[in-house]
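Shown next, in structure tokens, is the structure this report addresses.
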Amino acid sequence: GVEAASCYQLNSACEPCEELVQYMGAVLGTGLSTRVGKDWRCVMNKRIGISYRHQNYRLVWLDDKVAQVATTASFFQGRELHLPLLAQASLECSESQASLKAVASAHVSRDEGIVVKPRHGSNSKHVFLWPNPQHAGTAAVLESVDSALNAWDKSWKKESWNQNAVP
């Protein structure tokens, strides 16, 4: 069977289904391919295909930058193992946008480095690195916040179903 690493629990949503287990056995056990790289690609493509068919929404948190922080911390008695999530906002909520901009402005005033990125997307599009935000100024940093809030990229249409389920 499939088990988690010692001292950890495997989230049931992450367990491979029987179809994938059988396929992995066939590829790795009977040598459907002689090249390890192709074996891995075959298994990966099969897993992606199964994921599209099943669309298990319990996996969306793995691609949601906001949900990752809290979910991961819940596995480790509240200990945050991700980079801190300082603030987030949605286009539908002007109050959350104002709060996000206030946090960003505070970091500029203290010249504390920050990263501004959209909640959606996994290819580093519309990501802004501000190691010394005072050098750029508050207006530039807040412009990057607006850009991230309104971000879209054509590559996002090619992401997996669970990445596209992220708000």
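Offset between the sequence shown (1-based) and the working numbering: plus 376.
Cβ atoms here follow ideal geometry from the backbone N, Cα and C, with glycine treated the same way.
Cβ distance (whole Å) where residue i is taken to contact residue j below 8 Å
{"i": "A524", "j": "H502", "result": "5 Å"}
{"i": "W506", "j": "Q431", "result": "Rounded, the Cβ-Cβ distance is 36 Å, inconsistent with contact."}
{"i": "I426", "j": "L396", "result": "6 Å"}
Length of the line joining the Cα atoms of residue i and residue j
{"i": "V403", "j": "C418", "result": "8 Å"}
{"i": "V491", "j": "M400", "result": "39 Å"}
{"i": "Q398", "j": "A465", "result": "43 Å"}
{"i": "L476", "j": "W528", "result": "19 Å"}
{"i": "P494", "j": "D440", "result": "10 Å"}
{"i": "M420", "j": "E535", "result": "15 Å"}
{"i": "A474", "j": "E468", "result": "12 Å"}
{"i": "V517", "j": "F452", "result": "33 Å"}
{"i": "R429", "j": "F504", "result": "35 Å"}
{"i": "E394", "j": "E471", "result": "46 Å"}
{"i": "N526", "j": "E519", "result": "11 Å"}
{"i": "W416", "j": "K533", "result": "25 Å"}
Neighbourhood of residue i by C-beta distance below 8 Å, restricted to the same chain and skipping five residues each side
{"i": "Q510", "result": "V484, S485 and D487"}
{"i": "R455", "result": "A449"}
{"i": "L457", "result": "T448 and A449"}
{"i": "V445", "result": "E456, H458, P460 and L461"}
{"i": "N508", "result": "D487 and G489"}
Reference residue i; option with closest CA among the options
{"i": "S481", "options": "S500, T514, A449 and L457", "result": "T514"}
{"i": "V521", "options": "A463, F451 and W416", "result": "A463"}
{"i": "A541", "options": "A512, H496 and W416", "result": "H496"}
Sequence-distant residues of its chain with Cβ nearer than 7 Å to residue i (five each side left out)
{"i": "S531", "result": "N499 and K501"}
{"i": "K422", "result": "L396 and Y399"}
{"i": "A512", "result": "W506"}
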